[in-house]
Structure formats: structure tokens, C-alpha cells
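Data first, discussion second: the structure below is written as C-alpha cells.
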Amino acid sequence: MTIREIIAEPLVIYNENKIIPRTKQEIEQRVNELMDITGLSKSMLSRYPHEFSGGQRQRIGIARALALNPKLLLLDEAVSALDVSIRAQILNLLKDLQKELSLSYLFISHDLAVVKYMSDKIAVMYQGIILEIAPREILFSNPKHPYTKTLIASIPEIDPEKIKNKTIKLDEPSLTNIRNTYSPTENEILEEVEKDHFVSKYLFDEMNSLLNKN
16 MTIREIIAEP LVIYNENKII PRTKQEIEQR VNELMDITGL SKSMLSRYPH EFSGGQRQRI
76 GIARALALNP KLLLLDEAVS ALDVSIRAQI LNLLKDLQKE LSLSYLFISH DLAVVKYMSD
136 KIAVMYQGII LEIAPREILF SNPKHPYTKT LIASIPEIDP EKIKNKTIKL DEPSLTNIRN
196 TYSPTENEIL EEVEKDHFVS KYLFDEMNSL LNKN
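Here my numbering is used: the first residue of the sequence shown is 16, the next is one more, and so on.
Given below as C-alpha cells:
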């Protein structure tokens, strides 16, 4: 498929199913708009994905995702495969689009620096279970769950005075045993410990004990 076909496909499908009827001219106009707002040249429309860099392909994917004017985008490791400089460009593009189009993002990433840059509210997950939810500044300045503390302590620091030594080894036998025998309980319930800050009891005591040993 050409870039034109890739970006237009959601519009064509919705048109064929009479969900959002559009003429061919309207579809082409929308494709051109999407190219513009994602920083892509219209000269690319007849070319193919393999001809472009990772950053350009990501822009193409974003353009396609925006085709039907969504209010929410799910971004799962959206920049993890990109070089640092290209990653910054895509993140800034996403920030600009969010403001311009009033978008909400569900942003999934293992990179805490990226999470901190992109997020207003953060949920920390472990083995598919949410352990803590808080606004960005609160989570990074005052984490409550020992797993969250470990994640934040693992962020590289240039200043040796700021290096945090206390972390949890997640392959500890005690944690492995709990995970292997786990069944849903009331420990999954999130309790509000302060305004907009919620923490789960799941593995709290076990991880806290390990954290305090180090």
C-alpha cells in the first residue's frame, strides 16, 4: 500500500460502510490535511513505507490514527524503537497535536523520562495490576508503593549525590512465589492516601520489607 492508501484506509472503510460518507475528493483533502499536521510532505503520498525512516513511518502512523478525528489515542511504546533525537521530535509532535486537536492520550511506556514528559496522571503497573495512580508531580516527588519507589530510584542520575541505593530485586524468590500463587483479592483495591493519589496493598508489605533490607 502507498502512503496515500494507508492514511486513507480508515476513511474509505467508514465511507463504504456508510458510517461517515465522504466523496473521493473529500477523502483526498483529509489525507492532505493529515500530512500537513504531522509534518509530512505531500510528495510522499505515492511512495511506500519501506522508503522512509523510522521517524517518518511513525508520523505516517500518527496521521492514519488521526484520520477519523478521535478524541483518545492509545500510544503503546510509541517511541521506544526510535533514536533519541527522533524520539524527541515525535514526542513534541504529539504534544503539539494534543494541544491543537484537544486530544487525550493513554500513553504506555517503560521509559520513565518519557512518561514524565508526556503524562498528566500516571498509573504504575506490575504484572498487569495497577499499584499506584497519581498526578505526575506527586508520583515522582512522593511515591508511596515500594515498587514505584524502586522504579524512580532506577532512573539514571548524573549527580552521584542524588543516586538512590535502595531498590528491589524483582526476581526475589519471595516475590516469585507470591506471583505464582496469586489470585485476585481485596489487595487489588486502590486506596486514596491523599487527594488524587491512590495506592494498592498488593505486594506492598513484601516489597517494602525487601526495600528496607537494602
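Every residue gets a Cβ at the ideal spot worked out from N, C-alpha and C, and that includes glycine. Model, not experiment: these values are computed from the prediction.
On the criterion of 16 or more Cβ atoms from any shown chain inside 10 Å, does residue i qualify as buried, or is it exposed?
i, result
"Gln71", "buried"
"Val214", "buried"
"Pro175", "Residue confidence for Pro175 is low, a pLDDT of 49 falling below 50, so the modelled location carries little weight and cannot support an answer."
"Leu162", "Just to set this straight, residue 162 is Tyr in the shown sequence, not Leu. With 16 or more Cβ atoms within 10 Å of its Cβ, Tyr162 is classed as buried."
"His160", "buried"
"Leu81", "buried"
"Ile178", "In this prediction, Ile178 has a pLDDT of 48, which is less than 50 and means its spatial position is unreliable; what the coordinates show is noted afterwards. Its Cβ having fewer than 16 others within 10 Å, Ile178 is exposed."
"Val46", "buried"
"Leu49", "buried"
"Leu26", "buried"
"Tyr63", "exposed"
"Thr38", "exposed"
"Gln73", "buried"
"Leu83", "exposed"
Return the Cβ separation of residue i and residue j in integer angstroms, given the expectation that the two are a contact with Cβ distance under 8 Å.
i, j, result
"Ser56", "Arg19", "12 Å between Cβ atoms; not a contact."
"Leu154", "Ile137", "5 Å"
"Lys131", "Leu226", "About 21 Å; that fails the 8 Å criterion."
"Ala78", "Ile22", "5 Å"
"Gly54", "Leu97", "So it is not a contact: roughly 15 Å between Cβ atoms."
"Leu205", "Ile144", "Actually they are not in contact, since the Cβ atoms of Leu205 and Ile144 sit about 10 Å apart, beyond 8 Å."
As a quick exercise: from the options, pick the residue whose alpha carbon is nearest that of residue i.
i, options, result
"Tyr217", "Lys228, Ile170, Val139, Leu154", "Val139"
"Glu24", "Lys33, Ile34, Ile42", "Ile42"
"Ile52", "Gly76, Ile167, Tyr63, Thr38", "Gly76"
"Leu87", "Gln113, Pro64, Asp98, Asn107", "Gln113"
"Lys210", "Asn157, Thr38, Lys228, Asn223", "Asn157"
"Met222", "Ile35, Tyr141, Ile21", "Tyr141"
"Ile170", "Val129, Gly143, Asp135, Leu205", "Val129"
"Ser2", "Ile28, Arg79, Leu89", "Nothing can be reported for residue 2, as the shown portion of the chain is limited to 16 through 229."
"Met59", "Ile28, Val99, Asn84, Met16", "Met16"
Is there a Cβ from chain C that is less than 7 Å from the Cβ of residue i?
i, result
"Glu41", "The chain inventory of the structure shown lacks chain C, comprising one protein chain alone."
**OP:** Evaluate the contact criterion for the stretch 85 to 101 versus the stretch 124 to 139: three or more CB pairs, one atom per stretch, below 8 Å.
**Re:** yes
Original post:
Which whole runs of the alpha helix (DSSP H) in the stretch 46 to 97 are 4 residues long or more, in chain order?
Top reply: 69 to 80
Original post:
Are three or more beta carbon pairs between the stretch 102 to 119 and the stretch 144 to 151 nearer than 8 Å?
Top reply: no
Subject >> Length at least 4, wholly inside the stretch 119 to 171: the alpha helix (DSSP H) runs in chain order >> reply: 127 to 133, 151 to 156, 161 to 168
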